[in-house]
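In UniProt numbering, the protein residues as written are 1 to 163.
The structure is reproduced here in structure tokens:
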């Protein structure tokens, strides 16, 4: 079952195994989860050779690591290999949409859909659905890059889900 819904203002995703996923700010995570994420990153980046070494380096027991390793993931990891839908509020200026699409393409995203409203009083809304499989930067860097484009007034993530 693939599902994406809003749950009282928070976002959650339901996997094929009927597992619910919540988006939680880092400062609300227990230390064991944060340290598990650090250890996983060390392992992923080949900075250490074993789980024992990763756990020792970040200061967490192996039992805590094993408890959380399959349950906690960075947001960027959840977005990878998925589809993401972005909302933009743009000023109606020549080349703005073209520049926006160029930034998205240059980081390896595949544009699946584009929806643009007719500009009213010099403003238009654009919604892009992107396949992020080939994305070469983290989602926060992409959002930062998009917000730097002249005449882009607003950028928001509308949804994220398995493509």
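C-beta: ideal position from N, C-alpha, C; glycine also.
Sub-7 Å separation of residue i and residue j beta-carbons
{"i": "residue 153", "j": "residue 103", "result": "no"}
{"i": "residue 38", "j": "residue 58", "result": "yes"}
{"i": "residue 60", "j": "residue 33", "result": "no"}
Through-space distance from residue j to residue i, alpha-carbon basis
{"i": "residue 46", "j": "residue 27", "result": "26 Å"}
{"i": "residue 82", "j": "residue 160", "result": "7 Å"}
{"i": "residue 92", "j": "residue 120", "result": "9 Å"}
{"i": "residue 69", "j": "residue 148", "result": "35 Å"}
{"i": "residue 165", "j": "residue 40", "result": "Limits of the chain in this structure are 1 at one end and 163 at the other, which puts residue 165 out of reach."}
{"i": "residue 140", "j": "residue 49", "result": "29 Å"}
{"i": "residue 30", "j": "residue 42", "result": "19 Å"}
{"i": "residue 25", "j": "residue 106", "result": "29 Å"}
{"i": "residue 35", "j": "residue 138", "result": "20 Å"}
{"i": "residue 94", "j": "residue 115", "result": "17 Å"}
Contacting residues, own chain, Cβ-Cβ under 8 Å from residue i (five flanking each side not counted)
{"i": "residue 90", "result": "96, 97, 100, 123, 124, 125, 126, 151, 152 and 153"}
{"i": "residue 134", "result": "108, 109 and 110"}
Spatial neighbours of residue i in its chain, beta-carbon cut-off 7 Å, leaving aside the 5 residues before and after
{"i": "residue 62", "result": "51, 52 and 55"}
{"i": "residue 143", "result": "155"}
{"i": "residue 117", "result": "124 and 125"}
{"i": "residue 157", "result": "84 and 86"}
{"i": "residue 129", "result": "83, 85, 112 and 113"}
{"i": "residue 74", "result": "37"}
Cβ neighbours of residue i in the same chain (closer than 6 Å, five flanking residues each side left out)
{"i": "residue 110", "result": "131"}
{"i": "residue 64", "result": "32"}
Residue-level contact to chain B via CB, residue i, 7 Å cutoff
{"i": "residue 104", "result": "Protein chains in the displayed structure number just one, and chain B is not present."}
Expected contact under 8 Å - CB spacing of residue i and residue j to nearest Å
{"i": "residue 108", "j": "residue 136", "result": "4 Å"}
Ordered list of alpha helix (DSSP H) runs contained in the region 21-57, each at least 4 residues:
Whole alpha helix (DSSP H) segments, 4+ residues: 31-44.
Any alpha helix (DSSP H) of 4 or more consecutive residues that is wholly inside the UniProt domain "ACT" (85-160):
Secondary structure within the UniProt domain "ACT" (85-160): the alpha helix (DSSP H) runs of 4 or more consecutive residues, fully enclosed, are 96-106 and 139-147 (chain order).
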